[in-house]
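These notes are about the structure you will find just below.
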Amino acid sequence: MVAAERLAVSRLINRIGFGPKPGEFAELLSLGFDRAAAQILSRPSNYRPNLAAELSLSDLGLQPRPNTPEILKYAEAKRFQLRSASLWWLDEMVSTDSAFAERMTWFWHGHWATSYQKVDEPIVMFNQIDKLRKHATGNFKEMSREMVLDGALIFWLDGQRNTARAPNENLSRELMELFILGVNRYTEADVKETAKALTGYNVKKSSGLVSRNLRQSFNGQIAFLGTRGTFDALSLVDYLVSLEECQRFIPERIWYRFISTSSTLTDENSISDAFYNRDISRAMQALVAHEGFQDPINTQVKSPLEWLVATLRAFQILPSKFERPDYLLNLLQNLGQRPFFPPSVGGWPADEAWISAASAQVRIQAAQYLAKHANLDDLSSNKQSERIDFIADWLGIPEWSDRTRMALQGAIRDVQRLALLAICSPEFT
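To get my numbering, take the position in the sequence shown, counting from 1, and add 703.
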């Protein structure tokens, strides 16, 4: 198999998904890049309504008074629900055959970054993620309409404090700068005006239910970004998403997260063209077909979650069934990327920002522990002379460097150490 084809399919399975399950990389290689891309991009999402109820996530009501037995039960119920939601999502990432849809859900979690640290309600955070899963590969306008009225996002950005008499501009600013249009594509006057369209929206904190108090709402006309009229949250989003700036911004963000943090898209590009009707799936198809997707220069460092999920998929370890599930959650916390906890409204860093001596040491220690619990039967059954090439296919690695191959050769008889070295290699991380 030519090196270029291996690189292209590796990019597909590692960037558009979460890395291969055992045997999956070889299977996709046999299809060739075009057919492999079509197969990966067409797999349906695992979204299903009322998932929170299936997981027994519920509205826990008002927080009881301090120093009572009820407050202890309440706190324990919150911890249990957050743990359940977190492990379910990790399970889904590790076990799903629809890795593209789940990878896009993860991407949107970082895009519409909202943190449990402030929201503090498991069901409200989980329901936000489920909305993102529903629209992850669908239409960006429909996603934006759901998100602007999402209880977690409104509470996170103090939208419930925004009234006609006491404006709060947090949500309107981030809606334009980080979510829909991008930096320097609006003015401060636009922020003040669009904030008026977002007045009067209240959130029931324990459930995330959003309602609007018309007495707290601005009911006049506003002028912003070349238009004037009467707007509420939904009509505001409809207008913002229709702008040419949105058509440029979202392709820029997917390029940054999936292709390169160092090179940029030109204003005229096939990805923006494909995003004309705000179709996310078509934009991703154009991204995969773009020459930059296969360009060897566009390397990326796996984020902590991407590295862990890829490792667990290869090792066939289901997080909720692992002997120490909380170890996995704490590991992600220590590495700075636990689901539901983005560090700011700007989301997580990307690429080389994850490289440090401290994080490398944590990954090595985790790799040592996880390798002891890996299913290595397929690796063990291979001839020693074939194991290095086999593990490249197993992990979706296009090619080992001479230095890495030499290190792996020294562990050829010890499959556990071989697996450990492979998941700590520069090619995998």
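Glycine residues also receive a C-beta, built at the ideal position from the N, C-alpha and C atoms.
Please read these numbers as outputs of a predicted model, since none were measured by experiment.
Would DSSP call A1125 helix, strand or coil?
Translated into positions along the sequence shown, residue 1125 becomes position 422. Here A1125 sits in helix by DSSP.
List in chain order: all unbroken alpha helix (DSSP H) runs of 4+ residues lying wholly within the region 950 to 991.
Entirely contained in the region 950 to 991, the alpha helix (DSSP H) runs reaching 4 residues are, in chain order, 973 to 977.
My parser needs the alpha helix (DSSP H) runs of 4 or more residues fully inside the region 875 to 906; what are they?
For the region 875 to 906, whole alpha helix (DSSP H) runs of length 4 or above, ordered along the chain, are 891 to 900.
Evaluate contact between the region 1041 to 1055 and the region 1096 to 1115, counting only Cβ atoms and requiring at least three cross-stretch pairs below 8 Å.
As far as the Cβ criterion goes, the region 1041 to 1055 does not touch the region 1096 to 1115, which means the pair count is below three.
How long is the line joining the alpha carbons of S787 and L758, rounded to whole angstroms?
Residue numbering aside, residue 787 sits at position 84 when the sequence shown is read from its first letter. Residue numbering aside, residue 758 sits at position 55 when the sequence shown is read from its first letter. When rounded, the distance between both Cα atoms is 7 Å.
Where does G932 fall in DSSP's three states?
Position 229 of the sequence shown, counted from the start, is the residue given in the question as residue 932. Under the three-state reduction of DSSP, G932 is assigned to strand.
Verify whether the separation of the beta carbon atoms of A1125 and F1131 is less than 8 Å.
Numbered from 1 along the sequence shown, position 422 holds the residue referred to as residue 1125. Numbered from 1 along the sequence shown, position 428 holds the residue referred to as residue 1131. For the pair A1125 and F1131, the CB atoms are nearer than the 8 Å cut-off.
From this set, V1012, P747, A992, L744, which residue's C-alpha is nearest V797's C-alpha?
The residue you call residue 797 lines up with position 94 of the sequence shown. Comparing alpha-carbon positions, the option among V1012, P747, A992, L744 lying closest to V797 turns out to be V1012.
Opposing strand residues paired with I925 [DSSP bridges]
By one-based count along the sequence shown, residue 925 stands at place 222. Partner(s): G932.
Nearest CA to the CA of E708: which residue from Q1040, F736, N717?
Reading the sequence shown from its first residue, position 5 is the one you call residue 708. Comparing Cα-Cα distances from E708 to each of Q1040, F736, N717, the minimum goes to F736.
May I ask you to list the residues that DSSP assigns as paired with N842?
Locating residue 842 in the sequence shown gives position 139, counting from the first residue. Per the DSSP secondary-structure output, N842 pairs in a beta bridge with D982.
Rounded to the nearest angstrom, how far is the Cβ of V944 from that of L852, given a contact under 8 Å?
As a first step, residue 944 is located in the sequence shown; it is residue number 241 there, counting from the start. As a first step, residue 852 is located in the sequence shown; it is residue number 149 there, counting from the start. About 14 Å separates the beta carbon of V944 from that of L852, a gap too long to meet the 8 Å contact definition.
Suppose you measure from the CA of Q1003 to the CA of N980; what does that come to, to the nearest Å?
Counted from its first residue, the sequence shown places residue 1003 at position 300. Counted from its first residue, the sequence shown places residue 980 at position 277. Annotation: Q1003 to N980 spans about 29 Å, alpha carbon to alpha carbon.
Looking only at its chain, what residues have a beta carbon closer than 6 Å to the beta carbon of E880, apart from the 5 residues adjacent to it on each side?
Within the sequence shown, residue 880 is the residue found at index 177, counting from 1. Listed in chain order, the non-local C-beta contacts of E880 below 6 Å within the same chain comprise V886, local neighbours out to five positions each way being set aside.
Report all residues from its chain with a CB closer than 8 Å to the CB of Q766; omit the five preceding and five following residues, and keep chain order.
For the purposes of this step, residue 766 is taken as residue 63 along the sequence shown, with counting starting at 1. Only I774, Y777 meet the Cβ criterion.
Alpha carbon of R1066 to alpha carbon of Y959, nearest angstrom
Position 363 of the sequence shown, counted from the start, is the residue given in the question as residue 1066. Position 256 of the sequence shown, counted from the start, is the residue given in the question as residue 959. Taking the straight line from one Cα to the other gives about 24 Å.
Assuming H814 and G1050 form a contact by the criterion Cβ under 8 Å, report the distance between their Cβ atoms to the nearest whole angstrom.
Taking the sequence shown and counting its residues from 1, one reaches residue 814 at position 111. Taking the sequence shown and counting its residues from 1, one reaches residue 1050 at position 347. With a Cβ gap of about 6 Å, H814 and G1050 count as contacting.
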